[in-house]
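Below is one structure; the comments refer to it alone.
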Amino acid sequence: KKNGVWIATVSNINFPSRTGLSADAQKAELDALVATTAAAGLNAIVFQVRPECDALYRSNLEPWSRYLTGTQGQDPGYDPLEYLLEVAHARAVEVHAWLNPYRAKASAGSTAVAPHLSVTVPEHAHRYGNFLWMDPGAAEVQDALLAVVEDLVTRYDLDGVHFDDYFYPYPDGATAFPDDTTFAAYQASGGALGRDDWRRDNVNRMVEAVNATVLRANPHVRFGISPFGIYRPGMPEGITGLDQYAAIFSDPPVWMQEGWVDYLAPQLYWPSTQTRQAYGPLVSWWSALAHDGRVIIPGNYLSQLGSSSAWTVDELRTQVALTRAEAPADAAGNIYFHIGPLQENRSGIADVFKDELYATPALPPELPGRAEAAPPPPVVALEGTRATLSAGGPEVLRAWVLYRDAGAGWAVQDILPASTTSVELSTGRWAISAADRGSRESLGVVVDVP
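Numbering (this note's numbering), first residue to last: 527 to 976.
Structure representation (structure tokens):
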């Protein structure tokens, strides 16, 4: 299961805690964020690297994010993504790069510098409400996004690429998104779709192209999207709320049916008791979209914990239980927005995660649709009570999985980073397997410790 947490950088929600911190201070914050994630028993971080057509990593394509130093384009003195990957992988925690495909500025009045898209193709940057938004119908915008994705998955040892729910912007009252020019160009080229279908097609073609780019550049990387938690009102029956199909031109069932995503993480940001947006019926509806290893990993609104009588630790327990009640092949974990309450241990939630909900370590779901075989078993040598570990083949590994014989079967004891070269074992029967970057697991090697 993918049991993960979002780390938001837009507006310095989670990282860095404020702009202008030194490189060492920012690294210390990343160390603490990884430690919090691992201590809670979670196995994945979804880290926002492109909140507004910028970069929280070293890039020749887009400017450094203003959320690092306070000034867009200013070098923070290190590469946050590179550092996070190093620290997280050393704890057997995955890192998924979270990109916002079209938001150019979270505050339209902020200053942008080249090569920011609003500077290089200003004709496709539109103020909409308080945002500046790139036009999804512009080929230059789509091409720039694909170049960024290819650059990321080629240069960094990522576990995933992740988009959230922002495609076309959420409606700003009755104000229409100003894409008359690109729609007129589409019609002039012979396009026959109406504007709404054209907008959905723009998003669909982008999702398809991103998937193809990831598969071509690095097939070990997952591609997932976290859409708004309601597809359309009445789906399932009794559910009401925003219609993402019509309002933001987002069509997640198509992405799953076509195999363009490895997972969906619908943002089920309502309590189980809120009848018209109830968690239980929604998680069942979304889980029915899963197929052929492409899974649903619901997003949960952890940051609401304690905000009202509805948002309690027991509510989160209920949501996890409702998720786990779905078939394991359909619903494969949960992702929490955001890491803040775990850092605070708000209402003791970090302890509940560690001791109860995520007390048993888990590998993320196996990557679907890839042809690679599982890696060979590890080479294990027992020296007294210490087992030394090495790879049984040339495959790049992500982790070792340590099992103990629990009598009635094997139980996962620990998941160790692939950099681990030995492990101390107590008396009993153990098994150790190797897991690659796609969570494909080898057969286990059994070790008896007298």
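Just so you know, even glycine gets a beta-carbon here, dropped at the ideal spot from N, CA and C. All values reported here derive from a predicted model rather than from experimental measurement.
By the neighbour-count definition (other C-beta atoms within 10 Å, threshold 16), residue 669 is an exposed residue. A direct Cα-Cα distance of roughly 37 angstroms separates residue 969 from residue 807. In the three-state DSSP reduction, residue 844 falls in the helix class (H, G or I). Ranking 810, 960 and 637 by CA distance to the CA of residue 940 puts 960 first. Around the CB of residue 852, 16 or more other CB atoms lie within 10 Å, so the residue is classed as buried.
Under a 10 Å Cβ-count criterion, residue 817 is classified as exposed, with fewer than 16 other Cβ atoms of the shown protein chains found around its own Cβ.
When secondary structure is reduced to three states using DSSP, residue 739 falls in the helix class.
Per DSSP, the unbroken alpha helix (DSSP H) holding residue 806 starts and ends at 805–813.
A straight-line Cα-Cα distance of about 37 angstroms links residue 614 and residue 767. According to the DSSP assignment, residue 748 belongs to the beta strand (DSSP E) that extends over 748–751.
Counting along the chain, no beta strand (DSSP E) covers residue 584, and no H or E run does either. Spanning the alpha carbons of residue 646 and residue 834 requires a straight line of approximately 45 angstroms. Residue range 629–631 is occupied by the beta strand (DSSP E) that includes residue 631, with no alpha helix (DSSP H) assigned at that position. Spanning the alpha carbons of residue 665 and residue 875 requires a straight line of approximately 45 angstroms. Listed as beta-bridge partners of residue 659 by DSSP are 629 and 652. Setting aside the 5 residues that flank it on each side, residue 728 is surrounded in the same chain by 662, 663, 668 and 775, each with a C-beta closer than 8 angstroms to its C-beta; the list follows chain order. When the five nearest sequence neighbours on each side are left out, the beta carbons in the same chain lying within less than 6 angstroms of the beta carbon of residue 566 are those of 868, 876, 879 and 880, in order along the chain. In this structure, the beta-carbon distance from residue 843 to residue 618 does not fall below 9 angstroms. Contact between the region 693–705 and the region 648–657 is present: three or more C-beta pairs spanning the two stretches fall below 8 angstroms. With respect to the C-alpha of residue 838, the residue from 965, 872 and 724 having the closest C-alpha is 872.
In the same chain as residue 631, and ignoring 5 residues on each side of it, the C-beta atoms closer than 6 angstroms to its own belong to 578 and 658, in chain order.
Cα atoms of residue 894 and residue 635: separation of roughly 42 angstroms, rounded to the nearest angstrom. Relative to the Cα of residue 675, the nearest Cα in the group 633, 756, 581 and 611 belongs to 581. A Cβ-Cβ separation of about 19 angstroms leaves residue 742 out of contact with residue 789 under the 8 angstroms criterion. For residue 781, the enclosing alpha helix (DSSP H) covers residues 778–783. Assignment of residue 568 by DSSP, reduced to helix, strand and coil, places it in the coil class. The three-state reading of DSSP puts residue 890 in coil, since its state is none of H, G, I, E or B. Assignment of residue 642 by DSSP, reduced to helix, strand and coil, places it in the coil class. By the neighbour-count criterion, in which a residue is buried when 16 or more other Cβ atoms sit within 10 angstroms of its Cβ, residue 920 is exposed.
Within the same chain, Cβ atoms closer than 7 angstroms to the Cβ of residue 601 are found at 590, the five residues on either side in sequence being excluded. Residue 574 places its beta carbon 9 angstroms or farther from that of residue 616. Taking a contact as a CB-CB distance under 8 angstroms, the pair residue 621 and residue 678 does not count as one, their CB atoms being some 11 angstroms apart. Excluding five sequence positions before and after residue 739, the CB atoms of its chain that fall closer than 7 angstroms to its own CB belong to 672, 675 and 676, given in chain order. If you compare the alpha carbons of 753, 975, 720 and 964 with that of residue 950, the shortest gap goes to 975.
Among the bridge pairs identified by DSSP, residue 839 is matched with none. In the DSSP assignment, the residues bridged to residue 532 are 572.
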